[in-house]
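Enquirer: Be aware that the sequence shown starts at 39, since it is given in the numbering used here, and climbs by one per residue. Glycine is no exception: its CB is placed at the ideal position from the N, C-alpha and C atoms.
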Amino acid sequence: MCGNCLLQETAFICPMACPKGLRNGPCGGSTPDHCCVDESRPCIWFAIFTRADKMGRLGKLLEILPPLDWDKAGTSALRDVYEEFLADGIGKTFSTFVQSSNEVRKQQWDGFFSEIRQPDWWAGDSQPHPPSAHKPVSKLERILSSGEFALTCEVVPPISGDFFAFDSNIQKLVEVVDAVNVTDGACALPRTSSFVCSLRVTEHGIEPILQMAARDRTRISFQADLLGASSSGIRNLLLITGDHPNKGAQPFSKMDIWDFDSIQALWIARKLRDEGLMLDGRQVENQPSYFLGAAAAPFASQPKYQAIRAEKKVNAGAQFLQTNLVFDIPRFRDYLEALDQRNLLNRVHLLAGIAPIRSLKMLDYLQQLPGVQIPETIIQRLHNTKDIHQESHQVNLELIEKVRSLPGVQGIHFMANSNFGNLRRLITESGLRQPHPSKS
Ligand code: SF4
């Protein structure tokens, strides 16, 4: 009863059972066994991919499907089918169908339902849409385009009425990373706005990567922020769906249907930048400028399914991907191979996520995170050592060494949970950067 039927593209399983209302594939916490939001039920998107795989319809999952037209919610999608029949001419449609070859019939069938599920204001497809030739719009884009190894780090905005602690954290990152991700309501917990903190980051002479979670935005506020970011000189954007509110602060807000998802966010941002078009068709005065990024989940569901999701993001507009945390190198290699099989490693810059472990408490926390897999060998090593600080430091150095040597990895994205002094040491000792002596 969403009234925006897309069963033709989803192996005839309705995706509206997804608690996040995702219409373009599994989130980064999807597993073969259960949904990461409600563990009592399976991930509906894993079921869709599995059935599409069996039916030979995986290719159909590449089409970028539109956000809901809320006018249709609660009505029957059969009305659209009937109106499409009328528009095409019922007699003509039937006679062509009956008299044609199987191949023509299939095209007619696909075209008929494509008209229904892809309204003119969206017109999504499964094709690549690379930006036209251009000079890099940010330092991060310049570094990645030139083949240098990039370093980024995530910073969580403060729960504070001032920037005192935030400024001090940013200062520790100057000269050791190329850009700083400013998270947006991570873990569904409210903090200072990522937009405002990104502006603050620029004052320290370092580039922000403004994270924007679709969860907290309507399509109106999202487009407003896209324009505002470009006008303010923020060039790097990371567009994500966001954690489900039931992972965060209580009492919960009423957010059981989301207005759009990360892939739709990329599609909207790319059209705004490259075609100067707002979602409602209005033309912008001066086209905005950004370097678009997305999150990738190497350990969710299956590598080949997540590679399809990654391709969809790249087709929609993603120019760089930052992955979830990598601890399991063989499985990460499988994911990179799955990306390579879809020819993605030539089309997108990939930064591998690394979270430097520094305690057993942190190890325990990381093991609970959706989409994170830590091999038993690392767990045992850290539990059996007498010096957790030294051993975890060694594990982190080894992970960095292995990850940076993998083909297709063009940088590392650190998630250091505010332990930036330790991160500086790790970056220096691993040989990734040599910070200026006066600031070490
Ligand atoms: S795991 Fe993610 S994609 Fe799958 S049903 Fe749950 S919220 Fe939706």
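Among Q344, G355, Q145, which residue has its Cα nearest to the Cα of L330?
Expert: Ranking the options by Cα distance to L330, first place goes to G355.
Enquirer: Quick one, which of F87, Q321, G469, L189 has its alpha-carbon nearest V212's?
Expert: Ranking F87, Q321, G469, L189 by Cα distance to V212 puts L189 first.
Enquirer: Which residues count as close to ligand 1 when the rule is a CB under 6 angstroms from any of its heavy atoms, in chain order?
Expert: Working through the chain, the matches are C56, P57, K58, L60, P64, C65, G67, S68, C73, C74, V75, C81, I82, W83.
Enquirer: Near S183, which residues of its chain fall below 7 angstroms by C-beta distance, leaving aside the five closest residues on each side in sequence?
Expert: P174
Enquirer: Indicate the three-state DSSP secondary structure (helix, strand or coil) for V35 in the structure shown.
Expert: Absent from the structure is residue 35, since the part of the chain shown begins at 39 and ends at 478.
Enquirer: Mind checking D222: buried by the 16 CB within 10 Å criterion, or exposed?
Expert: buried
Enquirer: Could I get the ranges of all uninterrupted beta strand (DSSP E) runs contained in the region 128-196, with 3 residues as the minimum, in chain order?
Expert: With a minimum length of 3 residues, the continuous beta strand (DSSP E) runs that stay inside the region 128-196 are 188-193.
Enquirer: Enumerate in chain order the residues of its own chain whose CB-to-CB distance from N362 is below 6 angstroms, with the five nearest sequence positions on each side excluded.
Expert: G66, A335, G391, G409
Enquirer: Taking 8 angstroms as the cut-off, decide whether the C-beta atoms of E122 and F150 are in contact.
Expert: yes
Enquirer: Hey, G112 and M54: beta-carbon distance below 8 angstroms or not?
Expert: no
Enquirer: Given a cut-off of 8 angstroms on the beta-carbon distance, is the pair C398 and H421 in contact?
Expert: This sequence places Leu at residue 398; Cys is not what is there. Yes, the pair counts as a contact, with Cβ atoms nearer than the cut-off.
Enquirer: Alpha carbon to alpha carbon, how far is Q344 from A85? Give it in angstroms, no decimals.
Expert: 14 angstroms
Enquirer: Excluding sequence positions up to five away, which residues of its chain have a Cβ less than 8 angstroms from the Cβ of W83?
Expert: P53, C56, L60, G63, P64, C65, S68, S339
Enquirer: Could you have a look at G97 and say whether DSSP puts it in helix, strand or coil?
Expert: helix
Enquirer: Considering just the uninterrupted stretch of the alpha helix (DSSP H) at F458, what are its terminal residues?
Expert: 458-467
Enquirer: For G449, tell me which candidate among C81, G185, Q156, A348 has the shortest Cα-Cα distance.
Expert: For the residues C81, G185, Q156, A348, the minimum Cα distance to G449 belongs to G185.
Enquirer: Starting from H451 and walking both ways along the alpha helix (DSSP H), at which residues does that stretch end?
Expert: Looking at the DSSP string, H451 is not in any alpha helix (DSSP H); the run it does join, the beta strand (DSSP E), is 449-452.
Enquirer: Mapping the DSSP letters down to three states, classify T240 as helix, strand or coil.
Expert: helix
Enquirer: Around the C-beta of H172, are 16 or more other C-beta atoms found within 10 angstroms, so that it is buried, or is it exposed?
Expert: It is exposed - the Cβ of H172 has fewer than 16 other Cβ atoms within 10 Å.
Enquirer: Quick check: the Cα distance between K58 and D76, rounded to an integer number of angstroms?
Expert: Linking K58 to D76 through their CA atoms gives a straight-line distance of about 11 angstroms.
Enquirer: If I follow the unbroken alpha helix (DSSP H) through P368, where does it start and stop?
Expert: 367-379
Enquirer: Between the alpha carbons of S468 and L437, how many angstroms are there, rounded?
Expert: Going by the C-alpha atoms only, they are around 10 angstroms apart.
Enquirer: With a floor of 3 residues, list each beta strand (DSSP E) that falls wholly inside the region 191-275, ordered by position along the chain.
Expert: 217-220, 245-251
Enquirer: Hey, would you say Q360 sits closer than 8 angstroms to L389, going by beta carbons?
Expert: yes
Enquirer: Cα-Cα, which of F370, D281, I272, A161 is closest to S176?
Expert: Per the Cα distances, I272.
Enquirer: Identify every residue that forms a DSSP beta bridge with I278.
Expert: A251
Enquirer: Would you mind giving the Cβ-Cβ distance between A303 and F260, rounded to the nearest angstrom? I have them listed as a contact below 8 angstroms.
Expert: Yes, they are in contact, since the Cβ atoms of A303 and F260 sit about 7 angstroms apart, within 8 angstroms.
Enquirer: Going straight from the alpha carbon of D107 to that of N42, what length do you get?
Expert: Cα to Cα, the separation comes out at about 7 angstroms.
Enquirer: Secondary structure at T113, three-state DSSP: helix, strand or coil?
Expert: Coil, per DSSP.
Enquirer: Rounded to whole angstroms, what's the CA-CA distance from H242 to D158? Just pull it up for me.
Expert: 44 angstroms
Enquirer: With a threshold of 8 angstroms on Cβ separation, who are the neighbours of Q146 within its own chain once the five nearest residues in sequence on each side are excluded?
Expert: T131, T134, F135, S138.
Enquirer: Comparing alpha-carbon positions, which option in L96, T423, L401 lies nearest P413?
Expert: Ranking the options by Cα distance to P413, first place goes to L401.
Enquirer: Is the distance from the Cβ of K351 to the Cβ of I306 below 8 angstroms?
Expert: no
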